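What follows is a single structure, written as structure tokens, with notes after it.
In this note's numbering, the protein residues as written are 25 to 413.
So this is what it looks like as structure tokens:
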């Protein structure tokens with residue numbers, strides 16, 4: 025196709041108002057993970073306006089649009105569609121109507137970009153070298169049982185011979201018309217763990233008659249949050265964070281039970297396995313030293329999200345032609361924020377990038393509100409790249 029950029033801009037300008045209205049509609053009606061029934065219905069309605077077939081997932085919210093170009097291989101694009109249990113405090117005229125629910129992670133933008141990609145590529149299907157599947161995935165916010173794992177189990181990668189897959193996440197650290205991207209690990213694994221520490225009650229004035237679960241827990245927390253880090257290469261990102269502690273004790277009673285909850289983040293599967301193993305060993309050994317007991321439960325969550333080197337180089341080159349070299353930022357460190365797109369990147373060469381959205385509030389803030397021009401940039405970048413494949 026000659027003048028790809030001009031063609032995309034023309035078609036995108038034709039549908040941009042429609043996309044903005046769609047974004048406002050789903051932002052106003054956020055739904056939690058696995059409950060995105062109205063969101064799924066709205067996506068289907070907007071796709072049918074262009075006679076794009078929408079396929080619901082089996083026994084799952086969300087679905088996908090398939091654009092059959094008569095080719096042997098398929099390129100995939102994925103967006104997440106769920107919201108968070110947060111009370112919105114923006115001043116937007118399209119703010120959430122569902123009390124206590126909010127698109128505080130930008131999934132309304134992600135879904136709208138995906139809708140735009142489907143509409144644009146359907147219009148330009150004669151110029152595509154691959155079939156297209158646009159996946160509207162539920163429950164990204166449901167770690168460790170996120171929706172990507174269940175979508176993979178639907179068998180669409182095998183059914184449609186998906187050979188590449190793409191995705192993005194809005195990122196307020198960067199301005200609109202800026203993106204950040206790197207090859208290799210981009211986002212860390214995200215696992216959840218719980219530790220039950222078991223001791224014996226006693227009067228606080230007679231601690232020798234009991235086994236202090238709180239004292240055991242203090243040593244465990246110090247060891248797994250800080251001392252474990254000394255066993256890992258300083259240049260290897262690894263993080264253990266405690267976010268939850270509960271005790272059955274009282275101010276004058278030696279506690280017999282403590283519950284600890286936290287998360288493990290790494291950017292390599294080798295380090296991930298090592299940290300899991302060492303947490304079990306450290307916790308058991310510390311509890312034994314106090315004559316207590318401990319039970320460790322680690323739930324594997326989202327895997328490391330890693331970008332294919334070749335796809336990254338090509339995407340960066342294409343993006344620089346649209347945004348300019350200064351606005352395509354590649355000297356970034358991986359983020360330890362989890363993303364279940366990593367399940368897709370294990371099945372096919374993949375590319376995921378951070379799309380600048382401006383704004384002064386971070387992800388998951390009750391005032392987070394990406395600028396709507398972010399939609400335009402996202403659709404333009406993705407469609408331009410896929411049309412060159």
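The C-beta atom is built at its ideal place from N, Cα and C for all residues, glycine as well. Keep in mind it's a predicted model, so treat the numbers as computed, not measured.
Checklist entry - Rounded to a whole number of angstroms, what is the C-alpha to C-alpha distance between residue 158 and residue 256? => result 39 angstroms
Checklist entry - Do you know offhand how far residue 405's Cα is from residue 313's? => result 57 angstroms
Next on the checklist: So if DSSP puts residue 211 in a beta bridge, which residue, or which two residues, is it bridged to?
Outcome noted: 329, 359
Checklist entry - At which residues does the beta strand (DSSP E) containing residue 52 begin and terminate? => result Element bounds for residue 52: not the beta strand (DSSP E) but the alpha helix (DSSP H), 28 to 52.
Item to check | Straight-line gap, residue 225 to residue 292 (C-alpha atoms, nearest Å) | outcome: 41 angstroms
Next on the checklist: Measuring alpha carbon to alpha carbon, tell me which residue in 136, 283, 207 is nearest residue 353.
Outcome noted: 207
Item to check | residue 160 vs residue 48 beta-carbon contact at 8 angstroms | outcome: no
Next on the checklist: Does the distance between the C-beta of residue 276 and the nearest non-hydrogen atom of the ligand ZN fall short of 7 angstroms?
Outcome noted: In the structure on display, the ligand ZN does not appear, and there are no ligands present to speak of.
Item to check | Candidates 41, 35, 173, 294, of which the one nearest residue 325 by Cα | outcome: 173
Item to check | Expected contact under 8 angstroms - CB spacing of residue 56 and residue 107 to nearest Å | outcome: 6 angstroms
Next on the checklist: Quick check on this structure: which residue in 389, 394, 403 has the alpha carbon closest to the alpha carbon of residue 383?
Outcome noted: 394
Item to check | residue 32 and residue 351 closer than 8 angstroms at C-beta | outcome: no
Item to check | Pick from 91, 80, 145 that is closest to residue 36, judged by C-alpha positions | outcome: 145
Next on the checklist: Quick check on this structure: which residue in 262, 134, 358, 185 has the alpha carbon closest to the alpha carbon of residue 402?
Outcome noted: 134
Next on the checklist: Applying the 10 Å Cβ sphere with the 16-neighbour rule, what's the burial state of residue 190?
Outcome noted: buried
Next on the checklist: Helix, strand or coil for residue 313? Go by DSSP, reduced to three states.
Outcome noted: helix
Item to check | Beta-ladder partner(s) of residue 224, from DSSP | outcome: 235
Next on the checklist: If the criterion is Cβ atoms closer than 8 angstroms, does the pair residue 130 and residue 387 meet it?
Outcome noted: yes
Checklist entry - Less than 8 angstroms separating the beta-carbons of residue 261 and residue 327? => result no
Checklist entry - Are the segment 301 to 310 and the segment 191 to 211 touching, with three or more C-beta to C-beta distances below 8 angstroms? => result no
Checklist entry - Smallest Cα separation from residue 239: which of 203, 283, 213? => result 283
Next on the checklist: Comparing C-alpha positions only, which one of 229, 266, 215, 52 sits nearest to residue 115?
Outcome noted: 52
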